[in-house]
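J.: In the working numbering, the protein residues as written are 1 to 236.
1. Is the beta carbon of residue 11 less than 9 Å from the beta carbon of residue 64?
2. Determine the closest residue to residue 181 out of 191, 170 and 190, with distance taken between C-alpha atoms.
3. Roughly how many whole angstroms lie between the Cα atoms of residue 114 and residue 125?
4. Cα-Cα, which of 70, 101, 103 and 202 is closest to residue 146?
5. Spell out the partners DSSP gives residue 167 in its beta bridges.
6. Here's the rule I'm using: 16 or more other beta-carbon atoms within 10 Å means buried, otherwise exposed. How should residue 188 be labelled?
7. Which residues does DSSP list as the beta-bridge partners of residue 17?
8. So the beta strand (DSSP E) residue 31 belongs to, where does it begin and stop?
9. In the DSSP assignment, what residue or residues form a beta bridge with residue 115?
10. Take the Cβ of residue 177 as the centre, count every other Cβ of all protein chains shown within 10 Å, and call the residue buried at 16 or more, exposed below.
11. Using 10 angstroms around the beta-carbon of residue 4, count the other beta-carbons present and answer buried if the total reaches 16, otherwise exposed.
12. Under 9 Å, do residue 39 and residue 70 count as touching if we go by C-beta distance?
13. Roughly how many whole angstroms lie between the Cα atoms of residue 179 and residue 152?
14. Assign residue 192 to one of two classes, buried (16 or more other C-beta atoms within 10 Å of its C-beta) or exposed (fewer than that).
15. Taking C-alpha atoms, which residue in 32, 101 and 209 lies nearest to residue 136?
16. Just verifying my parser: in three-state terms, what is the DSSP assignment at residue 109?
17. For residue 224, tell me which candidate among 139, 54 and 194 has the shortest Cα-Cα distance.
18. Is residue 80 helix, strand or coil when you go by DSSP?
19. In the DSSP assignment, what are the bridge partners of residue 37?
20. Rounded to the nearest angstrom, what separates residue 149 and residue 34 at their Cα positions?
21. In terms of residues, what are the limits of the alpha helix (DSSP H) holding residue 94?
22. Below 7 Å CB to CB, which residues in the same chain sit around residue 92 once its five sequence neighbours on both sides are set aside?
23. For residue 142, count the other beta carbons within 10 Å of its own beta carbon; 16 or more makes it buried, fewer makes it exposed. Which is it?
24. Pick helix, strand or coil for residue 179, following the three-state DSSP scheme.
25. Does residue 151 have its Cβ less than 9 Å from a Cβ in chain B?
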């Protein structure tokens, strides 16, 4: 069951969605959205993480643009891309950091806090991890990034020491294979990084609401995500 909550930021209260695990207690995970907002797909993944024992929160990253509901319709891609172009990236990073701190202060969160991001959220999660470490805050205990769309411009500018898992398709329409391999080479030099690729999988291969969905890659990547989280952010 989803609870609607708000998270304090420097610009006001950011809307977010909270899922509690069956026990009511557990490690925390921030789920960072695609360009389509906290969509039905993102909510399903968040609910699945909660069922695994995590306290999960998904902030509405587009809230400063006045958008706090899923991007839908035939022109959803165009709408989402337009919002990304207007997004204040640094504000999105600090909003994500505020979400991490909010989770750490919750009584329900009994251990560490990680992040799982998809597309827009994949790159944002990486930048979030670097931001926390650069300001001396407690680092993320685990980061999972699915085809982080901002990583081509971030991977060689930032260092992340938090344990991280990255998923990329090798048939990505938005991030070509050469770029994926450059990201892999760069991130593989960082400590505690796992970089996995999926032959034949396009961008957004995990989203079962989109034509780009690749069932086999989706199942395999999710299994690896769950295993990674269980190791790095274990549930008691």
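The beta-carbon is built from N, C-alpha and C at its ideal position, and this holds for glycine as well.
Every value quoted in this text rests on a predicted model; they were computed, and no experiment measured them.
T.: Well, looking at it:
1. Against a cut-off of 9 Å, the Cβ pair of residue 64 and residue 11 comes out as a contact.
2. Comparing Cα positions, the closest option is 170.
3. Their backbone Cα atoms lie some 9 Å apart in a straight line.
4. That would be 202, whose Cα lies nearest to the Cα of residue 146.
5. Looking at the DSSP assignment, residue 167 forms a beta bridge with 146 and 196.
6. Exposed, by the Cβ-count rule.
7. Residue pairing from DSSP places residue 17 in a beta bridge opposite 4 and 58.
8. Per DSSP, the unbroken beta strand (DSSP E) holding residue 31 starts and ends at 26-32.
9. Looking at the DSSP assignment, residue 115 forms a beta bridge with 30 and 143.
10. With a 10 Å radius around the Cβ and a threshold of 16 neighbouring Cβ atoms, residue 177 comes out exposed.
11. Residue 4 comes out exposed.
12. Yes, the Cβ-Cβ distance between residue 39 and residue 70 is below 9 Å.
13. Computed Cα separation, rounded: 7 Å.
14. Taking every protein chain shown into account, the CB of residue 192 has fewer than 16 other CB atoms within 10 angstroms, so this residue is exposed.
15. Ranking the options by Cα distance to residue 136, first place goes to 101.
16. If DSSP states are grouped into helix, strand and coil, residue 109 belongs with the strands.
17. Nearest of 139, 54 and 194 to residue 224, Cα basis: 194.
18. Correct three-state label for residue 80: helix.
19. As a beta-bridge residue in DSSP terms, residue 37 pairs with 34.
20. So the alpha carbons of these two residues sit roughly 9 Å apart.
21. That run of the alpha helix (DSSP H) goes 89-104.
22. Excluding positions up to five away in sequence, the list reads 61 and 124.
23. Taking all protein chains in view, the Cβ of residue 142 is crowded by 16 or more other Cβ atoms within 10 Å, so the residue is classified as buried.
24. In this structure, residue 179 counts as helix in the three-state DSSP scheme.
25. Among the chains in the structure shown there is no chain B, since it carries only a single protein chain.
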